[in-house]
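Colleague: In terms of the working numbering, the sequence shown is residues 2 to 579.
Virtual Cβ for every residue (Gly too), placed ideally from N, Cα, C.
Note that the structure is predicted; figures quoted are calculated from it, not measured.
Here you go, one structure.
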Amino acid sequence: MKRNEKTLIYIKSILNITLLFSCFNPVQANAISIGYQKTDTLKTFPSIISVNQSGYNLGSPKRFTVPKSTEGQLFIVTEANNNTPLFKGKLHKGIGDFTAFNPVDNKGQFVVRVNKLVSYPFSISKHWIENTFLQSSLDFMIDDRSVVGTHPSAFGGCPWRDGTYYSFEVPSLIMQYMANPSTYEALPVQIDYQKDKQKVTSPGFKYVMDSEGQDALKTTQKYYTELDAPVGANVPDIVQLIHWGIGYYMLNPVTLDPSGDFEGRRLHAQTVEQFAFFLYAYPMYKKYFTDAYYVKAKELAFKSWSDAGLFELFTTVGTGKGRECPGHSIMPNLLMFEVAKREGNKDSSKFLKAAINQTEWIVKNLDWNDPHTTKGQRMSEHKLIPSLVYVLQHYPNQAPKGLKQKINDWADIAIKRSNNIWDFRRYDLESNWTIPEYSESGNIAGFPASALAAAAVQTDPLKVKRLEQLAFAAIDDLFGRNPLNACSPHHHTLGFQNLEKGWPKGYIDDICARLETVRGAISSACSTEMYPYNPNGKFRHPEGWTAFNAAWNVSLAYLTYYNSGLQFMSKTLQKSKL
């Protein structure tokens with residue numbers, strides 16, 4: 002069945018969560034059950050002060066939650082080891098706001114105090130979030146590489162362990178690099194291309210076979226022996242990762258998502274889309290690549306675009322798994338339009354037409370009131386709203402009628418669903434705070450990109466301010482501002498700074514991506530059953546995922562655009578006067 006013949010599908014139920022364990026072997030059943038032992042029942046829920054345990058940016062929203070509090074109750078912000086008030090405020094509907102507190106040149110940590118309650122310590126500085134998490138997000142992508150990373154395996158058979166065609170690793174890296182090239186250029190280089198080449202081509206190299214990883218070792222060896230190496234003696238890690246991801250897919254673009262995907266093994270559209278990002282941004286990192294490498298990537302993209310259905314209309318709305326986010330082809334087609342013009346391709350208009358047609362379909366057909374079209378797209382939602390904003394800002398003359406209102410409507414619904422003590426964008430307003438079927442840490446990680454992009458086209462300063470609050474609240478949630486008062490990473494000391502309490506549920510070691518060996522891995526998040534404040538609620542799947550971290554990469558890139566005023570993926574993001 003052709004893609005343009007597929008009907009709009011809203012799937013309101015899904016198979017039992019045991020299907021998530023498709024990566025396991027039957028012999029591991031006992032280990033799985035051990036990984037899901039219920040935590041000790043909490044007899045009471047003592048009140049907490051729930052903050053972002055890492056820290057806050059100067060000049061940006063700084064909010065926290067006290068689940069059991071009295072309206073108007075006084076709070077103070079002090080240094081961690083000093084009771085002297087530096088800022089005073091009052092709680093409103095369980096929320097404290099110290100956005101106006103912007104200490105300059107203070108290298109210590111702070112806490113919030115409410116009566117006898119004291120929060121975990123946190124930092125405040127200029128660009129704290131971007132500066133703190135830039136390195137850990139990069140470390141994750143280094144460590145999680147298939148075959149040559151921290152474990153000699155390749156579950157899923159893609160460039161990153163447990164990656165798949167829709168997990169967006171390469172574009173997320175390119176977005177980060179383009180948002181902050183000078184910083185990435187200055188970082189110490191960790192990846193040793195020659196050392197990795199020697200390791201995987203050695204006759205004694207021990208490869209661990211995983212599901213769909215049967216071709217990964219051969220592909221990796223070809224990467225080091227058949228493709229031109231990165232150019233230069235000190236190539237930045239992020240550029241080497243981009244070289245790795247695109248090179249791997251040049252050699253092995255046909256993949257199969259092993260988690261029960263009905264699409265099967267083929268050349269997936271979202272694999273080919275990643276080449277558009279590489280080709281578009283190529284002038285920025287051209288010096289690190291040979292002309293032959295670029296030509297090979299360009300030829301594959303142009304040749305495969307039609308074969309992958311990327312000139313057609315995508316009308317499938319995917320499930321909470323995150324495979325088929327509507328709109329995923331819009332930005333890649335626009336980027337390929339620019340590449341085609343740069344290359345003198347006479348058919349360049351075909352890419353623009355495909356992007357505009359897809360945008361028009363979304364404007365006319367997607368109902369934001371159905372959560373399957375928003376948060377229900379899980380960690381892939383960031384492919385939709387930023388793309389719509391990109392069309393509106395960069396191609397206003399071609400943008401379909403009603404596009405701006407469509408973005409505004411999304412913003413209105415996001416704001417409406419976030420009117421709670423956590424500033425947390427709910428799945429719906431009936432019964433579900435979170436995606437019913439899955440852990441949604443990737444959705445939370447990617448939400449800031451959508452919220453900040455939508456804020457860029459708002460005309461109401463109050464809406465801009467609220468979208469900012471929600472974007473930063475999602476980051477806060479990942480790092481402690483949630484009913485468990487815990488940070489998403491289970492291994493919270495592995496690649497992270499200043500996180501006091503990691504996710505209490507750990508995943509089984511030595512399975513799938515083996516993220517227990519990887520720095521900077523995001524793990525899980527609170528479930529519906531834990532909201533609004535029930536720490537004893539049911540846990541969701543505690544496993545991290547490459548796709549979660551890729552979504553986080555995208556948000557970090559958009560946060561950099563937002564705070565620096567850079568113009569690329571989205572024109573200068575509109576910042577409110579907090």
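Roughly how many angstroms lie between the CA atoms of Q241 and I422, to the nearest whole one?
Modeller: Residue mapping note: residue 241 aligns to position 240 of the sequence shown, counting from 1. Residue mapping note: residue 422 aligns to position 421 of the sequence shown, counting from 1. So the alpha carbons of these two residues sit roughly 43 Å apart.
Colleague: Could you give the C-beta distance for I439 and R541, rounded to a whole number, given that I count them as a contact under 8 Å?
Modeller: Locating residue 439 in the sequence shown gives position 438, where the first residue counts as 1. Locating residue 541 in the sequence shown gives position 540, where the first residue counts as 1. Per the sequence shown, residue 439 should be read as Tyr rather than Ile. Their Cβ separation, rounded to whole angstroms, is 7 Å, which keeps Y439 and R541 in contact under 8 Å.
Colleague: Leaving out the 5 sequence neighbours to the left and right, which residues in its chain are closer than 6 Å to V340 when beta-carbon positions are compared?
Modeller: The residue you call residue 340 lines up with position 339 of the sequence shown. Here the set comprises L280, Y281.
Colleague: Alpha helix (DSSP H) containing L75: first to last residue?
Modeller: Here residue 75 corresponds to residue number 74 of the sequence shown, with the count starting at 1. Where L75 is concerned, there is no enclosing alpha helix (DSSP H), although the beta strand (DSSP E) it sits in stretches over 75 to 80.
Colleague: For K417, report the span of its alpha helix (DSSP H) as first-last.
Modeller: The sequence position of residue 417 within the sequence shown is 416, counting from 1. Here the alpha helix (DSSP H) through K417 covers 404 to 417.
Colleague: Which whole-angstrom value describes the C-beta separation of L468 and A452, a residue pair presumed to lie in contact below a C-beta threshold of 8 Å?
Modeller: Taking the first residue of the sequence shown as 1, we reach residue 468 at position 467. Taking the first residue of the sequence shown as 1, we reach residue 452 at position 451. Contact holds; Cβ gap of about 5 Å.
Colleague: Where does T100 fall in DSSP's three states?
Modeller: In the sequence shown, residue 100 corresponds to position 99, counting from 1. T100 falls in the coil class under three-state DSSP.
Colleague: CB-CB under 6 Å to A474, same chain, minus the five flanking residues each way: which ones, in chain order?
Modeller: Here residue 474 corresponds to residue number 473 of the sequence shown, with the count starting at 1. In the same chain as A474, and ignoring 5 residues on each side of it, the C-beta atoms closer than 6 Å to its own belong to D424, in chain order.
Colleague: Using DSSP with H/G/I as helix, E/B as strand and the rest coil, what is H395?
Modeller: Translated into positions along the sequence shown, residue 395 becomes position 394. If DSSP states are grouped into helix, strand and coil, H395 belongs with the helices.
Colleague: What is the C-beta distance between S388 and I331, in whole angstroms, given that I count them as a contact (C-beta under 8 Å)?
Modeller: For the purposes of this step, residue 388 is taken as residue 387 along the sequence shown, with counting starting at 1. For the purposes of this step, residue 331 is taken as residue 330 along the sequence shown, with counting starting at 1. Indeed, because the Cβ distance is near 4 Å, the residues count as touching under 8 Å.
Colleague: Which same chain residues, not among the five before or five after I77, have their C-beta less than 6 Å away from its C-beta?
Modeller: Taking the first residue of the sequence shown as position 1, residue 77 is located at position 76. In the same chain as I77, and ignoring 5 residues on each side of it, the C-beta atoms closer than 6 Å to its own belong to P86, K89, R114, in chain order.
Colleague: Is L314 helix, strand or coil when you go by DSSP?
Modeller: Residue 314 sits at position 313 when you count from the first residue of the sequence shown. Note: L314 maps to coil in three-state DSSP.
Colleague: Looking only at its own chain, which residues have a Cβ that is under 7 Å from the Cβ of Y185, when we skip the five neighbours before and after it?
Modeller: Mapped onto the sequence shown, residue 185 falls at position 184. The residues are Y178, P237, I239.
Colleague: Taking the alpha carbon of R482 as the reference point, which residue from P47, P68, Y249 has its own alpha carbon closest?
Modeller: Start at 1 with the first residue of the sequence shown, and residue 482 comes out as number 481. Answer by Cα proximity: P68.
Colleague: Can you tell me the Cα-Cα spacing of A558 and Y428, whole angstroms?
Modeller: For the purposes of this step, residue 558 is identified with residue 557 of the sequence shown, where counting begins at 1. For the purposes of this step, residue 428 is identified with residue 427 of the sequence shown, where counting begins at 1. Pairing A558 with Y428, the inter-Cα distance amounts to about 25 Å.
Colleague: Could you give the distance in angstroms between the alpha-carbon of N253 and the alpha-carbon of A270?
Modeller: Residue mapping note: residue 253 aligns to position 252 of the sequence shown, counting from 1. Residue mapping note: residue 270 aligns to position 269 of the sequence shown, counting from 1. For N253 and A270, the distance between alpha carbons rounds to 14 Å.
Colleague: Starting from T66 and walking both ways along the alpha helix (DSSP H), at which residues does that stretch end?
Modeller: The residue given as residue 66 occupies position 65 in the sequence shown. Run containing T66: none in the alpha helix (DSSP H); it sits in the beta strand (DSSP E), 64 to 66.
Colleague: Within the segment 487 to 530, note down every full alpha helix (DSSP H) run reaching 4 residues or more, in order along the chain.
Modeller: none
Colleague: Once you ignore the five residues that flank M251 on each side, which residues in its own chain have a CB closer than 8 Å to its CB?
Modeller: In the sequence shown, residue 251 corresponds to position 250, counting from 1. Non-local beta-carbon contacts of M251 in its own chain, meaning distances under 8 Å to residues more than five positions away in sequence, involve L228, K297, A298, L301 in chain order.
Colleague: Looking only at its chain, what residues have a beta carbon closer than 7 Å to the beta carbon of D308, apart from the 5 residues adjacent to it on each side?
Modeller: Counting from 1 along the sequence shown, the entry for residue 308 is found at position 307. Once the five neighbours on either side are set aside, the close Cβ partners of D308 are L268.
Colleague: Using a threshold of 7 Å, state whether the C-beta atoms of Q399 and I357 are closer than that.
Modeller: As a first step, residue 399 is located in the sequence shown; it is residue number 398 there, counting from the start. As a first step, residue 357 is located in the sequence shown; it is residue number 356 there, counting from the start. Against a cut-off of 7 Å, the Cβ pair of I357 and Q399 comes out as a contact.
Colleague: Apart from the five residues on each side of it in sequence, which residues of its chain come closer than 8 Å, Cβ to Cβ, to F290?
Modeller: Taking the sequence shown and counting its residues from 1, the one referred to as residue 290 is at position 289. D229, P231, V232, H244, Y283, listed in sequence order.
Colleague: One question on the structure: do P505 and F46 come within less than 7 Å of each other, judged by their Cβ atoms?
Modeller: For the purposes of this step, residue 505 is identified with residue 504 of the sequence shown, where counting begins at 1. For the purposes of this step, residue 46 is identified with residue 45 of the sequence shown, where counting begins at 1. Result no, Cβ atoms of P505 and F46 do not sit closer than 7 Å.
Colleague: Leaving out the 5 sequence neighbours to the left and right, which residues in its chain are closer than 6 Å to K127 when beta-carbon positions are compared?
Modeller: On the sequence shown, residue 127 is found 126 positions in, with the first residue counted as 1. Cβ within range, chain order: L59.
Colleague: Can you tell me where the beta strand (DSSP E) with R343 in it begins and where it stops?
Modeller: Locating residue 343 in the sequence shown gives position 342, where the first residue counts as 1. That residue, R343, is in no beta strand (DSSP E); its alpha helix (DSSP H) goes 331 to 343.
Colleague: When we look at the beta-carbon of G73 and count the other beta-carbons within 10 Å, is it buried (16 or more) or exposed?
Modeller: Here residue 73 refers to the residue found at position 72 when the sequence shown is read from its first residue. By the neighbour-count rule (16 or more Cβ atoms within 10 Å), G73 is not buried but exposed.
Colleague: Closest to G205 by C-alpha separation, out of R162, G248, P153, F303, would be which residue?
Modeller: Position 204 of the sequence shown, counted from the start, is the residue given in the question as residue 205. The shortest C-alpha separation from G205 is found at P153.
Colleague: Have a look at I125, L92, K117 and flag the residue whose alpha-carbon is nearest the alpha-carbon of N107.
Modeller: Against the sequence shown, residue 107 aligns to sequence position 106. It is I125.
Colleague: Within 10 Å of its beta-carbon, does V1 have 16 or more other beta-carbons around it, so buried, or fewer, so exposed?
Modeller: Any question about residue 1 goes unanswered here, given that the chain covers just 2 to 579.
Colleague: Just the Cα atoms here: how many angstroms apart are N499 and S212?
Modeller: Position 498 of the sequence shown, counting from 1, holds the residue named residue 499. Position 211 of the sequence shown, counting from 1, holds the residue named residue 212. For N499 and S212, the distance between alpha carbons rounds to 36 Å.
Colleague: Spell out the partners DSSP gives S51 in its beta bridges.
Modeller: Locating residue 51 in the sequence shown gives position 50, counting from the first residue. According to DSSP, S51 bridges with T66.
Colleague: Buried or exposed for H93, please, with buried defined as at least 16 other CB atoms from any protein chain shown within 10 angstroms of its CB.
Modeller: The sequence position of residue 93 within the sequence shown is 92, counting from 1. Result: exposed.
Colleague: Secondary structure at V190, three-state DSSP: helix, strand or coil?
Modeller: As a first step, residue 190 is located in the sequence shown; it is residue number 189 there, counting from the start. V190 falls in the coil class under three-state DSSP.
Colleague: Using DSSP with H/G/I as helix, E/B as strand and the rest coil, what is I33?
Modeller: For this step, residue 33 is matched to residue 32 along the sequence shown. Here I33 scores only 25 on pLDDT, less than 50, and its place in the model should not be relied on; the value that follows carries that caveat. I33 falls in the helix class under three-state DSSP.
Colleague: Considering R114, what are the terminal residues of the beta strand (DSSP E) in which it resides?
Modeller: The sequence position of residue 114 within the sequence shown is 113, counting from 1. Where R114 is concerned, the enclosing beta strand (DSSP E) stretches over 111 to 115.
Colleague: By the DSSP assignment, the beta strand (DSSP E) with G246 in it spans what residues?
Modeller: Sequence index remark: in the sequence shown, residue 246 carries index 245 (1-based). From DSSP, G246 is part of no beta strand (DSSP E) but of the alpha helix (DSSP H) over 238 to 252.
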